[in-house]
Amino acid sequence: MRIAVTGADGFIGRYLLSILLAQGHQVAAVSRRSDHAPQPGLTWLPADLLDVGQARQAMAQAEAECLIHLAWFVEHGRFWTAAENFAWCDATANLLAAFKEFGGKRAVIAGTCAEYDWNYGYCVEGKTPTAPVTLYGKCKDATRQFTEGFCRDNGIDWVWGRIFTPYGPGEPTARFVPSVLSAMARGEVLKCSHGRQFRDFLHASDVASAFAHLAANTSATGAFNIASGEPMRLADIVAICAGLFEAVPAVEFGAVPVAEYDPLLLVGCADKLAATGWAARISIRDGLADYRIKINELKGSE
């Protein structure tokens with residue numbers, strides 16, 4: 001299958017490209033950068049998707065049957081409230097129009113757990129209401145609604161993958177897991193929140209494999225949680241990470257305030273995705289152990 005991927009050199013996108021190529025797909029990867037090295041089966045298409053003309057040209061060049069759209073504004077610490085979210089609503093609408101114009105048949109688009117009403121804690125597709133409290137979540141949910149209507153009216157299969165808490169090498173260093181591992185690797189006191197929050201962690205490689213599966217290995221459509229379905233307390237993640245070091249790291253719980261909108265429980269039901277034949281491969285303990293090795297390798301190369 002010929003598949004176009006946006007956000008191809010982002011956190012999830014880099015894992016996704018390797019998976020798609022290993023599965024034998026022809027991949028057209030869209031990126032703002034123009035300095036990517038060529039690879040067999042992979043064509044890089046430089047484009048700024050916020051520019052309507054460039055987005056249309058990229059879809060014309062891709063001639064893709066399937067689109068996996070990961071690109072969005074995701075700058076850590078800013079994306080929750082950034083005005084750029086509005087621009088990406090428009091960019092996604094324009095991208096879908098161009099994808100349809102040039103023969104697209106199946107669109108798989110990255111959503112977020114922030115679309116759900118967090119008062120429910122445990123989120124199930126089609127049952128838990130979508131009532132986002134952040135600008136990021138509101139814009140993603142509005143884009144999902146447009147995507148559903150546009151694809152239905154134009155004969156395009158649509159899939160919306162709501163990502164919960166991805167982690168793994170390559171994510172922004174200020175995010176929870178890398179900040180924990182890095183502080184412990186440096187022997188610093190880890191300052192964090194109370195740690196009682198439960199989250200749904202899924203390794204980035206498994207997140208990417210879920211998108212690859214939904215794109216090419218099933219005909220299922222609609223919204224899917226990209227989640228493990230297993231609640232993990234942040235304090236327990238800290239404890240697992242601490243167990244990966246010889247010296248017992250110092251941890252100061254409660255040193256970092258919790259955002260007002262931060263829910264105590266945010267976990268996705270993974271049954272709908274599992275019913276399509278997908279399964280996660282990397283356990284949280286194995287994923288963190290591998291991550292700790294990568295962190296150590298980076299520390300040794302400094």
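If you count by the working numbering, then the sequence shown holds residues 1 to 302, one letter each, in order. Glycine included, C-beta positions come from ideal geometry on N, C-alpha and C.
Beta strand (DSSP E) runs wholly inside the segment 10 to 71, at least 3 long, in chain order: 26 to 31, 42 to 46 and 66 to 69
Residue 225 classed as buried or exposed, judged by whether at least 16 other C-beta atoms fall within 10 angstroms: buried
Endpoints, the beta strand (DSSP E) within which residue 2 is located: 2 to 6
Opening and closing residue of the beta strand (DSSP E) in which residue 110 lies: 106 to 112
Span of the alpha helix (DSSP H) around residue 136: 135 to 153
Same chain only: Cβ atoms within 6 Å of residue 92, ignoring 5 sequence neighbours per side: Apart from sequence neighbours up to five positions away, the residues of its chain that approach residue 92 with a beta-carbon distance below 6 Å are 143, ordered along the chain.
Whole-angstrom distance between residue 64 and residue 7, CA atom to CA atom: 16 Å
Beta-carbon proximity list for residue 44, same chain, < 7 Å, skipping 5 on both sides: 29, 31 and 36
8 Å contact criterion, which residue 256 and residue 238 should meet: CB distance rounded: In this structure residue 256 is not in contact with residue 238, their Cβ atoms being roughly 12 Å apart against a cut-off of 8 Å.
Neighbourhood of residue 15 by C-beta distance below 6 Å, restricted to the same chain and skipping five residues each side: 204, 205 and 208
Whole-number beta carbon distance between residue 27 and residue 52, since they are thought to touch under 8 Å: Not really, about 23 Å apart at Cβ, beyond 8 Å.
Segment contact flag, the segment 144 to 155 with the segment 180 to 187, C-beta cutoff 8 Å, min 3 pairs: no
Three-pair Cβ contact test at 8 Å for the segment 191 to 205 versus the segment 91 to 105: no
Cα-Cα separation between residue 2 and residue 244, rounded to whole angstroms: 41 Å
Beta-carbon proximity check, residue 220 vs residue 130, cutoff 8 Å: If you check the CB distance, residue 220 and residue 130 do not come in under 8 Å.
Contact the segment 166 to 174 vs the segment 105 to 122: 3+ CB pairs below 8 Å: No: fewer than three Cβ pairs fall under 8 Å.
Enclosing alpha helix (DSSP H) for residue 87 [first to last residue]: 84 to 101
Three-state secondary structure assigned by DSSP to residue 201: strand
Residue 197 versus residue 229 - alpha carbon distance: 15 Å
Local Cβ density within 10 Å of residue 173, reported as buried at 16 or more and exposed below that: exposed
Meets three-Cβ-pair contact criterion under 8 Å: the segment 122 to 139 and the segment 265 to 276: yes
Residue 223 - containing beta strand (DSSP E), residue span: 222 to 226
Span separating the alpha-carbon of residue 11 from that of residue 177: 14 Å
Nearest-angstrom Cβ-Cβ length linking residue 54 and residue 48, presumed shorter than 8 Å: Beta-carbon to beta-carbon, residue 54 and residue 48 are separated by about 5 Å, close enough to satisfy the 8 Å threshold.
Burial state of residue 24 (16 or more Cβ within 10 Å): Taking all protein chains shown into account, residue 24 has fewer than 16 neighbouring C-beta atoms within 10 Å of its C-beta and is therefore exposed.
Proximity of residue 136 and residue 217 at Cβ, strictly below 8 Å: no
Proximity of residue 133 and residue 67 at Cβ, strictly below 8 Å: Taking 8 Å as the Cβ cut-off, residue 133 and residue 67 do not qualify as a contacting pair.
Where the beta strand (DSSP E) containing residue 314 begins and where it ends: Outside the displayed range of the chain (1 to 302) lies residue 314, so it cannot be described from this structure.
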